[in-house]
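Numbering-wise (our numbering), the sequence shown opens with residue 1 and increments by one. Structure, as structure tokens:
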Amino acid sequence: MHHDDLLHTLAGKTVLVTGGAGLIGSRITLRLRQLGATPIALCTLDAYPPHVYRDLFDVDATDPDVIPGDIKDTALVNWIMPRCDYVIHAAALADVAACTRRPRSAIGTNITGTQVLLDAAAASNRLQRFCFVSSASVYGNGNPEDWASPTVEARTVRGLLEAIYEGRTPPQFAEYAPLKPLSVYGNSKAWGETQTALSLGAVGISYTVVRYFSVYGEPQTIKPNSHSWVVAWFAARAALGLPLHLNGGGRQIRDLIHVDDIAEATLRALVAPVAHNQTLNVGTGTATSIRAVAELVRGHFPGTVFLETPMPPGDPLGGYASTRLMEHVLDWRPSITIEDGVARYVEWLKNTPAAVPDWLEESASAR
Ligand SMILES: NC(=O)c1ccc[n+]([C@@H]2O[C@H](COP(=O)([O-])OP(=O)(O)OC[C@H]3O[C@@H](n4cnc5c(N)ncnc54)[C@H](O)[C@@H]3O)[C@@H](O)[C@H]2O)c1
Numbered sequence: 001m002h003h004d005d006l007l008h009t010l011a012g013k014t015v016l017v018t019g020g021a022g023l024i025g026s027r028i029t030l031r032l033r034q035l036g037a038t039p040i041a042l043c044t045l046d047a048y049p050p051h052v053y054r055d056l057f058d059v060d061a062t063d064p065d066v067i068p069g070d071i072k073d074t075a076l077v078n079w080i081m082p083r084c085d086y087v088i089h090a091a092a093l094a095d096v097a098a099c100t101r102r103p104r105s106a107i108g109t110n111i112t113g114t115q116v117l118l119d120a121a122a123a124s125n126r127l128q129r130f131c132f133v134s135s136a137s138v139y140g141n142g143n144p145e146d147w148a149s150p151t152v153e154a155r156t157v158r159g160l161l162e163a164i165y166e167g168r169t170p171p172q173f174a175e176y177a178p179l180k181p182l183s184v185y186g187n188s189k190a191w192g193e194t195q196t197a198l199s200l201g202a203v204g205i206s207y208t209v210v211r212y213f214s215v216y217g218e219p220q221t222i223k224p225n226s227h228s229w230v231v232a233w234f235a236a237r238a239a240l241g242l243p244l245h246l247n248g249g250g251r252q253i254r255d256l257i258h259v260d261d262i263a264e265a266t267l268r269a270l271v272a273p274v275a276h277n278q279t280l281n282v283g284t285g286t287a288t289s290i291r292a293v294a295e296l297v298r299g300h301f302p303g304t305v306f307l308e309t310p311m312p313p314g315d316p317l318g319g320y321a322s323t324r325l326m327e328h329v330l331d332w333r334p335s336i337t338i339e340d341g342v343a344r345y346v347e348w349l350k351n352t353p354a355a356v357p358d359w360l361e362e363s364a365s366a367r
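Written out as structure tokens, the structure reads:
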């Protein structure tokens, strides 16, 4: 069957989307409804103030398909799971800095909560596939040995860092690369990947791991004390006339993928036959430096000032995705370029003043 037709096999199916009210979860549930599926969004709805869920993410918390609850709640998960044909496990303490500050909270949701879901999934006799949402943070800075090039002697970590800083050889991460997480967050995702394979592989339930690269796009809004989500940060600060902080000079490399493309890839990963028990990068295959993102945002807010700030702990120099496996398995590639995605985001932000959080406005007016 053609891949576009495969998506329509989701019609009439019940899909548990954990974290289903969050940025990515709400986009996935929207797309599932368009396809005629019944998404069940199990979500604590506490990663943002209520108005963000209601007004920006368009989540109706009174909808019977939205279940305000915690994935650590075994009784609740055991009650929901038997009704489900598929699971997309996207709930997480999804902020790198928050995981570093509160490792036990990260362990609670990203590890214990994941195990509660895996136990319930393993006991299901209805489930067709479990999709574990992982992150490119599992690669950390990758393996320097892989990136030595004729022009750059990158056989040492220092050599690698210099190569990246000079912008010559941004590393490309392929799925078979060794995992070297640099943060509590990345480590919890690496554990989740392996544990999904162990728990579900043992009982023969199909699973797919999707490693998202850096997700952006409207209606993403920033969290306090976070350094994740650079497009949203830069655009919000530029809109207020604040300088853009280039941590470490902004030489870090990211592969920025729009949330619309993320939702599409995830649904394809749920139904593609060859995604069975696979781990897939979900990125664009394009390397973009943080400074380049700042330049794009400044293009929409002329006069914006840049400020060099230190690298925060756990922030990898990063890299970009090898997309060969993704393109083959999903028969698809992302369609939104970073230039178009930033332009869309800025336009949305200018029309959506509530997307700039009060705490950032207050810090701007206190200057
Ligand atoms: N945004 C990115 O750049 C990115 C990149 C790679 C991977 N991911 C992963 O994608 C997934 C979704 O991220 P997002 O950007 O939509 O983040 P988000 O914070 O917008 O959404 C996550 C949702 O999960 C919920 N949640 C947290 N703990 C929970 C728990 N114990 N039980 C139930 N719900 C809980 C939160 O309330 C939140 O609404 C996460 O697993 C994240 O790690 C995101």
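Beta carbons: idealized from backbone N, C-alpha and C, even for Gly.
- Under DSSP, proline 68 forms a beta bridge with Cys43.
- By the C-beta density criterion, arginine 254 is buried, having at least 16 other C-beta atoms within 10 angstroms.
- Taking C-beta atoms under 8 Å as the contact rule, leucine 117 and valine 66 fail to qualify, at a distance of about 18 Å.
- Cβ neighbours of glycine 249 within its own chain (closer than 6 Å, five residues either side excluded): Glu308.
- Distances from the CA of proline 219 to each of Leu198, His276, Lys350, Trp191 were compared; the closest alpha carbon is that of Lys350.
- DSSP, read as helix, strand or coil, puts asparagine 110 in helix.
- A residue is called buried once 16 or more other Cβ atoms fall within 10 Å of its Cβ, and glutamine 34, having fewer, is exposed.
- Relative to ligand 1, tryptophan 229 has its C-beta within less than 8 Å of a heavy atom.
- In the DSSP assignment, valine 15 forms a beta bridge with Pro39, Tyr86.
- Distance from the C-beta of phenylalanine 173 to the nearest heavy atom of ligand 1 is not below 8 Å.
- Its chain contains Asn225 as the residues whose beta carbon lies nearer than 8 Å to that of arginine 101, once the 5 sequence neighbours on both sides are disregarded; these appear in chain order.
- Ranking Thr286, Leu270, Ser289, Thr288 by CA distance to the CA of leucine 280 puts Leu270 first.
- Counting the other Cβ atoms within 10 Å of the Cβ of tyrosine 176 gives fewer than 16, which makes it exposed.
- Remark: C-beta atoms of valine 329 and isoleucine 24 do not approach each other more closely than 9 Å.
- Here the C-alpha atom of glycine 12 lies approximately 30 Å from the C-alpha atom of leucine 93.
- Between the alpha carbons of phenylalanine 301 and isoleucine 262 lies a gap of roughly 27 Å.
- With 16 or more other Cβ atoms from the protein chains shown falling within 10 Å of its own Cβ, asparagine 110 counts as buried.
- Relative to ligand 1, even the nearest heavy atom lies 8 Å or more away from the CB of tyrosine 86.
- The beta carbon of alanine 197 sits closer than 8 Å to those of Tyr207, Val209, Asn277, all from its chain and outside the five residues before and after it, given in chain order.
- Among the bridge pairs identified by DSSP, phenylalanine 173 is matched with Ala321.
- Residue Asp55 holds the alpha-carbon nearest to the alpha-carbon of threonine 352 among Asp55, His8, Asp46, Cys43.
- Using a C-beta cut-off of 8 Å, the stretch 314-322 makes contact with the stretch 175-192, since at least three inter-stretch Cβ pairs fall below that distance.
- Residue pairing of glutamine 278 in beta bridges, as defined by DSSP: Thr208.
- Taking a contact to require three or more Cβ pairs closer than 8 Å, the stretch 4-22 and the stretch 35-46 qualify as touching.
- Look at serine 135 here: in three-state DSSP terms it is strand.
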